[in-house]
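Have a look at the structure below before the remarks.
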Amino acid sequence: MRFAKIIYATIIKEWLILRRDPGGLLILLAMPALLILIMALVQDAPFRDYQNLQLKILVADEDRGTLSEAVATAFHKSPGIELLDSVEGMPLSPVRLRQLLQQGKYKIGLIIPRGAGNELANAANSVANSLSASMSAGKLPQRAPRDSMNIRLLFDPTTRPAFHLAIHAALDKAVSSASMQVLMNRLNKLAGNKQDTTSQERWTAMMDALSIRDEQTGTSMANTQHLNSVQHNVPAWAIFGMFFIVVPLGGHIVREREQGSALRVSLIPGTALGLAIGRILANTILCCLQFIAMCLVGFLVMPLVGLPALDLGAHPWAITPVVIATALCATAYGNLIGSVFRSGIQAVSFGAISIVILSALGGIWVPAEILPKVMQGMARCSPLHWGLEGIQNVILRQGSWADVVLPTTMLLGLSAILLFIGFWGGKKAEESF
605 MRFAKIIYAT IIKEWLILRR DPGGLLILLA MPALLILIMA LVQDAPFRDY
655 QNLQLKILVA DEDRGTLSEA VATAFHKSPG IELLDSVEGM PLSPVRLRQL
705 LQQGKYKIGL IIPRGAGNEL ANAANSVANS LSASMSAGKL PQRAPRDSMN
755 IRLLFDPTTR PAFHLAIHAA LDKAVSSASM QVLMNRLNKL AGNKQDTTSQ
805 ERWTAMMDAL SIRDEQTGTS MANTQHLNSV QHNVPAWAIF GMFFIVVPLG
855 GHIVREREQG SALRVSLIPG TALGLAIGRI LANTILCCLQ FIAMCLVGFL
905 VMPLVGLPAL DLGAHPWAIT PVVIATALCA TAYGNLIGSV FRSGIQAVSF
955 GAISIVILSA LGGIWVPAEI LPKVMQGMAR CSPLHWGLEG IQNVILRQGS
1005 WADVVLPTTM LLGLSAILLF IGFWGGKKAE ESF
């Protein structure tokens, strides 16, 4: 009974200390909320690039033949892509197209040179003649291919590389489709079919028979949300904010040791363990409340600024053990920082900088998958990595309780290590005074 009273009194003491420190409350609540809001707004545009892609592609068409029609048809089938062959009522020339790209008014340009369609037909004739040689069929006229016939795809220097690949792939598909269509026409001509609309229709049907559809993995596809900045940023930066408990907690521990109150309390028999448990429990609860507050920001504030509301996935309660384990790990790290450093300046400075480093390693700033191999291995030593992995398993991958077992276990193991080092370091610090 006495042990429980010590823990309860310690929890009340920690709350009173925090309430008298408005700066600490600001760091724990207001700053993470502001950080989540800003990062979600800043990163919203890159996420929308792959959802609501709206591109205007300038086209300088000097050929105006069947190839041009095939390219235009292919791009018109792509939602969000508009081809412009004139600007301000004036047809585009290659020179004007380059000027508009250099001025930054448009991002992508396409130049189809004169004779491109004829060059394609000549190549098709060559292939058709080769195929018909073994069948003793007729022969189509052909000439040597030109060396400098290219469809030019131009990009503004600020265009993202992902757009380069997407537009290049779409153009390559359009040219391939046009090439096969021309080849079929040439083969029909060799076979004596001057107009074979049936074969053309069959070719079109064959091209449309197999399509590609994007899907996201998950146990519940109906609940799977589109990729957006809120789903990524709210849990990531909420975890980042939870670990900033090291700033007020580490500072309080150092201050109690400097003022002598920690030594006086430790002289009372049987109080050391109760005080330690009470402190860890109080700050763990505080971190969990902090995460709930950040989720409320995702639910209520994000829609007010034009962003999607946070969705916790098909099994939202599955994040509970991960959140508790993350809060415990953050508190254990704060206890370690306060126990091993001699001054408040050292504890606060090292704690804040180390959290930034651990968050960078753990995938908060950039995905851990794009880091070098060595740093990917180091990321597994960051508790923020496991906290983010567990929450993303539920929110983004639509996982359940089984998907948070490993992250929760790793966080609890790291917490045990940090608590052991912190208590051992605290005893050493007390002995040195």
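Letter 59 of the sequence shown, counting from 1, is numbered 663 in this note's numbering, and no numbers are missing. Beta carbons: idealized from backbone N, C-alpha and C, even for Gly. Here the structure is a predicted model, which is why all the values come from computation and not from measurement.
Option nearest residue i by Cα separation, candidates the options
| i | options | result |
| --- | --- | --- |
| residue 789 | 729, 771, 773 | 729 |
| residue 714 | 953, 702, 898, 663 | 663 |
| residue 617 | 860, 692, 1015 | 860 |
| residue 856 | 928, 940, 909 | 940 |
| residue 964 | 954, 911, 975 | 975 |
| residue 1018 | 769, 928, 783, 985 | 985 |
| residue 670 | 692, 719, 711, 700 | 719 |
| residue 672 | 781, 1013, 692 | 781 |
| residue 945 | 971, 1028, 988, 905 | 1028 |
| residue 755 | 710, 725, 839, 667 | 667 |
| residue 863 | 783, 958, 948, 921 | 948 |
| residue 615 | 889, 711, 784, 691 | 889 |
| residue 783 | 835, 723, 733 | 723 |
| residue 884 | 936, 953, 954 | 936 |
| residue 622 | 972, 988, 961, 852 | 852 |
| residue 633 | 905, 612, 907, 848 | 848 |
| residue 942 | 1022, 908, 1016 | 1022 |
| residue 681 | 771, 950, 978, 989 | 771 |
| residue 774 | 952, 980, 977, 661 | 661 |
Close Cβ partners of residue i (< 7 Å) along its chain, the five nearest in sequence each way excluded
| i | result |
| --- | --- |
| residue 619 | 886 |
| residue 846 | 891, 894, 895, 930, 931, 934 |
| residue 698 | 664, 715 |
| residue 691 | 704 |
Inter-residue spacing [alpha-carbon to alpha-carbon] between residue i and residue j
| i | j | result |
| --- | --- | --- |
| residue 786 | residue 676 | 16 Å |
| residue 833 | residue 674 | 36 Å |
| residue 689 | residue 695 | 6 Å |
| residue 819 | residue 1002 | Note that residue 819 scores 48 on pLDDT, short of 50, meaning its location in the model is unreliable; the coordinates nonetheless yield the value given after this. Distance between the alpha carbons of residue 819 and residue 1002: 13 Å. |
| residue 1041 | residue 608 | Given that the chain is displayed from residue 605 to residue 1037, the structure contains no residue 1041 and the question cannot be resolved. |
| residue 776 | residue 721 | 15 Å |
| residue 850 | residue 956 | 7 Å |
| residue 705 | residue 1025 | 59 Å |
| residue 882 | residue 921 | 26 Å |
| residue 877 | residue 1020 | 15 Å |
| residue 778 | residue 707 | 28 Å |
| residue 938 | residue 1014 | 18 Å |
| residue 1000 | residue 839 | 10 Å |
| residue 1004 | residue 726 | 59 Å |
| residue 709 | residue 902 | 35 Å |
| residue 954 | residue 961 | 10 Å |
| residue 958 | residue 626 | 23 Å |
| residue 717 | residue 659 | 22 Å |
| residue 854 | residue 989 | 22 Å |
| residue 769 | residue 979 | 28 Å |
| residue 909 | residue 970 | 24 Å |
| residue 977 | residue 950 | 32 Å |
Cβ neighbours of residue i in the same chain (closer than 6 Å, five flanking residues each side left out)
| i | result |
| --- | --- |
| residue 679 | 685, 687 |
| residue 1007 | 997 |
| residue 565 | The shown model of the chain, from 605 to 1037, leaves out residue 565, and the question about it has no answer. |
| residue 991 | 843, 930 |
| residue 926 | 994, 995, 1008, 1011, 1012 |
| residue 1016 | 929 |
For residue i, the three-state DSSP class (helix, strand or coil)
| i | result |
| --- | --- |
| residue 618 | helix |
| residue 977 | helix |
| residue 708 | coil |
| residue 916 | coil |
| residue 833 | helix |
| residue 681 | coil |
| residue 756 | strand |
| residue 911 | coil |
| residue 719 | coil |
| residue 827 | Low per-residue confidence applies at residue 827: pLDDT is 45, beneath 50, and the placement is therefore not dependable, though the value from the model is reported in the following sentence. DSSP places residue 827 in helix when its eight states are reduced to three. |
| residue 672 | helix |
| residue 776 | helix |
| residue 690 | strand |
| residue 1018 | helix |
| residue 696 | coil |
| residue 845 | helix |
| residue 902 | helix |
| residue 713 | strand |
Same chain only: Cβ atoms within 8 Å of residue i, ignoring 5 sequence neighbours per side
| i | result |
| --- | --- |
| residue 841 | 636, 639, 640, 643, 898, 968 |
| residue 837 | 640, 643, 644, 647 |
| residue 702 | 713, 758 |
| residue 982 | 965 |
| residue 906 | 641, 644, 834, 838, 912, 913, 914 |
Any non-hydrogen atom of the ligand COA closer than 8 Å to residue i Cβ
| i | result |
| --- | --- |
| residue 679 | With respect to small molecules bound, the structure shown includes none, and the ligand COA cannot be examined in it. |
Considering only residues of the region 947-1007, which uninterrupted alpha helix (DSSP H) runs meet the minimum length of 4 residues and lie entirely inside it, listed in chain order?
Counting whole runs of 4 or more residues, the region 947-1007 contains the alpha helix (DSSP H) stretches 948-966, 977-983, 987-999.
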